[in-house]
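Just below is one structure, and these are the notes that go with it.
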Amino acid sequence: MFTEGDFIKFIPYGKQSISQEDIDCVVDVLNSDFITQGPKIEEFEKALADYCDAKYAVVFNSGTSALHASYFAYGISNGDEVITTPNTFVATANAALYLGGKPNFVDVKLESGNIDASKIEEQITEKTKLIAPVHYSGNPVDLEIIHEIADKHGLGVIEDAAHALGAEYNGKKIGNCEFSDMTEFSFHPVKHITTGEGGAVLTNNDEYYERLIKFRSHGITKNNLVNESPGPWYYEMQDLGFNYRITDIQAALGLSQLKKIDKFVERRREIAKIYNEKFDENPYFDCIVENDNSLSAYHLFPIILKDEFKNKKSIIFNKLRESGLGVQTHYIPVHTQPFYTNLGYDKNDCPVSIDFYEKEISIPMFPSLTDEDINIVEDRLFNVLKNI
499 MFTEGDFIKF
509 IPYGKQSISQ
519 EDIDCVVDVL
529 NSDFITQGPK
539 IEEFEKALAD
549 YCDAKYAVVF
559 NSGTSALHAS
569 YFAYGISNGD
579 EVITTPNTFV
589 ATANAALYLG
599 GKPNFVDVKL
609 ESGNIDASKI
619 EEQITEKTKL
629 IAPVHYSGNP
639 VDLEIIHEIA
649 DKHGLGVIED
659 AAHALGAEYN
669 GKKIGNCEFS
679 DMTEFSFHPV
689 KHITTGEGGA
699 VLTNNDEYYE
709 RLIKFRSHGI
719 TKNNLVNESP
729 GPWYYEMQDL
739 GFNYRITDIQ
749 AALGLSQLKK
759 IDKFVERRRE
769 IAKIYNEKFD
779 ENPYFDCIVE
789 NDNSLSAYHL
799 FPIILKDEFK
809 NKKSIIFNKL
819 RESGLGVQTH
829 YIPVHTQPFY
839 TNLGYDKNDC
849 PVSIDFYEKE
859 ISIPMFPSLT
869 DEDINIVEDR
879 LFNVLKNI
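Counting with this note's numbering, you get residues 499 to 886 for the letters of the sequence shown.
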């Protein structure tokens, strides 16, 4: 694999943007009295809730932990079905399995990779309890339509917004939970802001908030006690929770990063505009369609190969890697994974998601990508495609 020091510049599909200011904030915490379970965690949660205009934010040690906690807080348990998309990282579906629930996959739209809201109702059964849409690539789903379906059938909605911090729907930030019960974010290094590993759940519901807080710390609380407290040391384990706590070190980095989120998203959108102009009407691939009532945060920039190049994806992908572009595929449909087929899922279900997977390639998209880098991406991309 190429590195910066090699004769061909390697450009990854995504990477973190860490400044000296971020480093200084982390060092300050390392020199303080609290490096975990201290004040920075609550500061980060308040800043995140304020940014998204939500009542509460609860931060976790990973996006996966946040998803697990949100499904728990909503009350997913044995036999409950969770409707979601196969075009996502496995954690979105796995979180239902952790609690004894069952993911029920609904196909996607080829032009966006997002769940096809028009196909949700036909998948609702008497066991369905929750809809968990994914804002794929940072492009918001049809939230209002999904909310209407959920309300009609008495279901909850939890947004998997791991790709969508800073995105907007109907002029409001994703995470405000206007059309959902909870929203989950991820702070993995390739996401819009990073805490190394980390995640969060936002909600406007007091009960869900209390359950989230308990769940991330072994199910333990000092509030709303069952027994009379004998003293200030007393606590109760009321749920079977986990150690999903984030550290003050991570929270300090998240706070510093969050101050730059609008600039990060603005640059991602600038890059997407340049890409879209450069790629307009090219004969090889199409680009994701952004909804009219949304502003994508462009966590990813997927290109969708046209039908005549679909069977050459492997060759194209490998040639792009050889050229120094760190392209990736997002995602292998969850229901086709061996673990899921062993559970009885049919790998031929959701044919549009399979078609999407067979055509999709994610090209470099991150805020520190320079205009020169963008030109390099264009040159290498078209050079490979022309010679296939």
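For glycine and all other residues, C-beta sits at the position ideal for the given N, C-alpha and C. No experiment lies behind these values; they were computed from the predicted model shown.
Other residues of its chain near residue i: CB distance less than 8 Å, five sequence neighbours each side excluded
i	result
I886	F807, K810, I813, I814 and K817
T501	Note on T501: pLDDT 48, under 50, position unreliable in the model; the coordinate value appears next. So the qualifying residues of the chain are F508.
K513	P687, V688, F864 and S866
D760	G664
D658	L565, T582, T586, T590, A630, P631, V632, H633 and E682
Own chain, CB closer than 6 Å to residue i, minus 5 neighbours either side, in chain order
i	result
L883	Y782
N668	N791
S515	P865 and S866
T534	T745 and D746
N890	Shown here, the chain extends from 499 to 886; a query on residue 890 therefore has no answer.
A571	Y706, R709 and L710
D504	At D504, the pLDDT of 47 sits below 50, so the modelled position is not reliable; the number obtained from the coordinates is stated separately. Cβ neighbours of D504 beyond the five flanking positions: none.
A750	C523, V524, V527 and K538
A615	D640, I643 and I644
G611	N585, Y634 and F854
Status (buried if at least 16 other CB within 10 Å, exposed otherwise) for residue i
i	result
N774	exposed
Y549	buried
S635	buried
Y855	buried
F837	exposed
Q476	There is simply no residue 476 to check, as the chain begins at 499 and stops at 886 in what is shown.
H651	exposed
Y732	exposed
S754	buried
F532	exposed
K771	exposed
M499	The predicted position of M499 is uncertain, since its pLDDT is 41 and thus under 50; no value can be drawn from it.
Q518	exposed
F713	buried
D877	exposed
E540	exposed
I912	The structure shown does not extend to residue 912, since the chain spans only 499 to 886, so no value can be given for it.
T868	exposed
P831	buried
Segment limits, beta strand (DSSP E) that includes residue i
i	result
T839	No beta strand (DSSP E) holds T839; the alpha helix (DSSP H) holding it covers P836 to N840.
C785	F783 to C785
Y554	Y554 to F558
N602	K600 to F603
G654	G654 to D658
K627	T626 to A630
E579	E579 to T582
Opening and closing residue of the alpha helix (DSSP H) in which residue i lies
i	result
E540	P537 to C550
L664	The question names Leu, but residue 664 in the sequence shown is Gly. From DSSP, G664 is part of no alpha helix (DSSP H); its letter is neither H nor E.
I644	L641 to H651
A591	A589 to Y596
G561	G561 to Y572
Y843	Run containing Y843: none; DSSP gives neither H nor E here.
N816	K811 to E820
Residue(s) in a DSSP beta bridge with residue i
i	result
M735	I718
P800	S860
G512	Answer by DSSP bridge pairing: none, since G512 is not bridged.
V606	I613
L700	A555 and T681
Q826	S860
S792	Y667
T745	T534
7 Å Cβ shell around residue i - same chain, five flanking residues per side excluded
i	result
Y596	H566
E676	K670
I861	Y511, F799, I801, L823, V825, V875 and L879
I574	V580, A594, L597, G599, K627 and L628
Closer than 8 Å to chain B by CB, residue i
i	result
F740	Of the protein chains in the structure, only one exists, and it is not chain B.
* Inter-stretch contact at 8 Å, needing at least 3 Cβ pairs: the stretch 697 to 705 / the stretch 797 to 806 -> Contact between the stretch 697 to 705 and the stretch 797 to 806 is absent, because fewer than three Cβ pairs lie under 8 Å.
* Take every Cβ of the stretch 847 to 865, pair it with every Cβ of the stretch 598 to 606, and state whether three or more of those distances are shorter than 8 Å. => Yes, the stretch 847 to 865 is in contact with the stretch 598 to 606.
* With a cut-off of 8 Å, do at least 3 Cβ pairs link the stretch 664 to 678 to the stretch 521 to 530? -> Flag = no, the stretch 664 to 678 and the stretch 521 to 530 do not touch.
* Asked: Taking three-plus beta-carbon pairs below 8 Å as touching, is the stretch 580 to 588 in contact with the stretch 709 to 727?
  -> Because the criterion of three Cβ pairs below 8 Å is not met, the stretch 580 to 588 and the stretch 709 to 727 do not touch.
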